[in-house]
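Numbering-wise (the working numbering), the sequence shown opens with residue 187 and increments by one. The beta carbon of each residue, even a glycine, is placed where N, CA and C say it ideally should be. Nothing here was measured: the structure is a model prediction, and the numbers come from that model. Worksheet: the structure to be examined is printed underneath.
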Amino acid sequence: MPRHRARPRHERSRRAPNRSAARPDVPTGNGARRRRIALAVPPGVRAPGNARASGRDRRLDDAPRLDGARPIRGGRAVIPAISPRRTGSGPATLACLVFLAAGVVAGPVRAGAQTPAPQRQVPSFRSGVDIVSVNVTVTDPAGRYITDLDLDEFAVFEDGVQQEPSFFTRSQLPIALALLIDTSASMERRMQTAQEAAIGFAHRLRPQDLASVIDFDSRVNILEGFTNESDRLERAIRRTAAGGSTSLHNAIYISLKELSKIRARTPDEIRRQSIVVLSDGEDTSSLVGFNEVLELAKRSETAIYAIGLRTREHRGSRGFQEAEFVLRQLSRETGGRAFFPDSIDELTGIYGQIADELSSQYTIGYTSKNPLHDGQWRRVIVQTARDNLTARTKQGYYAPASQ
């Protein structure tokens, strides 16, 4: 069979609208095979305001649960434009969770014949059947982080009922982080500045932290899997190149699925999770809708930090207003933050703020006084005893469902 040449990015972007057609695996220029990805799309609540819920959304009978409480059934949305990329240090791994109609299948796609050593499983802390965990950021009226509070200065409420914490730490717990970079065509003139800002952020991660690099235009590409080697992260960031449309929802959805695979090595090991996403506009090519991404984010233990670049030509447009709503909503529901700089030159400072926040958080764990395993949404509020302080955390969580 003749080999197909790899298409340049500008050619791929012109072909983006036709990618929804189902196709068998095809060989790429580097010898890898592009794998057709079938993402299960769970149902979600309707977004308020002007946020657009795409008519391309697919729905399932059951939403996927990170705790595996309910099986996934029904239809699927096919996203063929997700591919691995070769790295400078060896083959890249695409570990995107693949959902088939008959069940759930996870499989890495590797480029080339070389097989690297398996990546060691790393820890993560999630709400389980008994323990609910919340990561809390506390600031004063000037926005400064307050890091000297004791447990008795916090009050945690679930659906209005005060809870009794059984775990508390103000140490800098390790983190697993997905670094997402928009590489659509509109980013071309700002790509170098964005790269340098992201690289500076990557170098602030500590040896016990893990990060991955994912870029997205009409495709979603995992350039570097989870690693604590900042040099590898830097090389991956420098390989990003602009071209194509924007599949923001796809990128966040896949990142959440990747983070959900991280497991703790011991029951006592704790690792926070976060996504830091940079984008400059509305989603234009995702098959996963906003409602589905929001629902999965609410079921995860992942804080989303969003940076929405305001461009002069798009500022105030309906498209950017919708993108701003999406980024604000995802950040607010998960306990993260949203930033909307007017200039690319502000990026370094914003990445610095995110790094400072991640190193200034408290983690509080408690056993819910509500014993029901009903799968229902439970609202969480954290307050502090000191005056004029603001505590910020995720908006709530889904209770486990009975098996």
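- Under the criterion of beta carbons closer than 8 Å, valine 347 and valine 320 do not qualify as touching, at roughly 15 Å.
- The continuous alpha helix (DSSP H) containing glutamine 381 extends over residues 377 to 388.
- In this structure, proline 453 sits away from leucine 495, with a CB-CB distance that is not shorter than 8 Å.
- In the DSSP assignment, asparagine 407 falls within the beta strand (DSSP E) that extends over 406 to 413.
- Taking C-beta atoms as the reference points, alanine 428 and serine 370 count as a pair closer than 8 Å.
- Restricting attention to alpha helix (DSSP H) runs no shorter than 4 residues, the region 499 to 537 encloses them at 504 to 520, ordered along the chain.
- Collapsing the DSSP output to three states places serine 441 in a helix.
- Around the beta-carbon of arginine 375, fewer than 16 other beta-carbon atoms lie within 10 Å, marking it exposed.
- The DSSP-derived three-state label of isoleucine 456 is coil.
- Secondary structure at alanine 397: strand, using DSSP grouped into helix, strand and coil.
- A Cβ-Cβ contact shorter than 8 Å links serine 546 with tyrosine 331.
- Within the region 462 to 488, the runs of alpha helix (DSSP H) that reach at least 4 residues and sit entirely inside it are, in chain order, 476 to 485.
- Comparing alpha carbon positions, the residue from Ala383, Phe412, Ser465 and Ser446 closest to glycine 505 is Ser465.
- Rounded to the nearest whole angstrom, the CA to CA distance from threonine 553 to aspartate 417 is 40 Å.
- At least 8 Å separates the beta-carbon of alanine 388 from that of isoleucine 438.
- In this structure, the alpha-carbon of arginine 578 lies about 30 Å from that of threonine 379.
- Beta-carbon to beta-carbon, isoleucine 456 and threonine 549 are separated by about 7 Å, close enough to satisfy the 8 Å threshold.
- Excluding residues up to 5 positions away in sequence, Glu382, Ala383 and Gly386 lie with their Cβ nearer than 8 Å to the Cβ of threonine 534 in the same chain.
- Take the alpha-carbon of valine 568 and the one of isoleucine 461: they are about 22 Å apart.
- When C-alpha distances from tyrosine 537 are compared across Tyr491, Phe511 and Arg564, the shortest belongs to Tyr491.
- When only Cα atoms are considered, isoleucine 361 and arginine 392 end up about 9 Å apart.
- Here threonine 432 is buried: its Cβ has 16 or more other Cβ atoms, across all protein chains shown, within 10 Å.
- Ranked by Cα distance from arginine 425, the options Asp531, Thr488 and Met377 are led by Met377.
- According to DSSP, residue pairing for aspartate 368 in a beta bridge involves Phe402.
- In the same chain as phenylalanine 525, and ignoring 5 residues on each side of it, the C-beta atoms closer than 6 Å to its own belong to Ile493 and Ile536, in chain order.
- Sorting Gly475, Leu396 and Glu444 by C-alpha distance to the C-alpha of serine 486 places Glu444 at the top.
- The C-beta distance from arginine 518 to glutamine 459 rounds to 17 Å, too long to fall under 8 Å, and the pair is not in contact.
- Cβ neighbours of aspartate 560 within its own chain (closer than 8 Å, five residues either side excluded): Ala585, Ala587 and Ser588.
- Between threonine 488 and valine 324, the C-beta gap is not smaller than 8 Å, which leaves the two residues out of contact.
- By the Cβ-count criterion, lysine 555 is exposed, with fewer than 16 other Cβ atoms from all chains shown falling within 10 Å of its own Cβ.
- Counting only the Cα atoms, arginine 356 lies some 7 Å from threonine 333.
- C-alpha of phenylalanine 511 to C-alpha of serine 372: approximately 20 Å in a straight line.
- For isoleucine 423, no beta strand (DSSP E) run applies; the uninterrupted alpha helix (DSSP H) run containing it begins and ends at 416 to 424, by DSSP.
- When the five nearest sequence neighbours on each side are left out, the beta carbons in the same chain lying within less than 6 Å of the beta carbon of isoleucine 530 are those of Arg376 and Thr379, in order along the chain.
- Nearest C-alpha to tryptophan 563 among Gly522, Glu508 and Ala483: Ala483.
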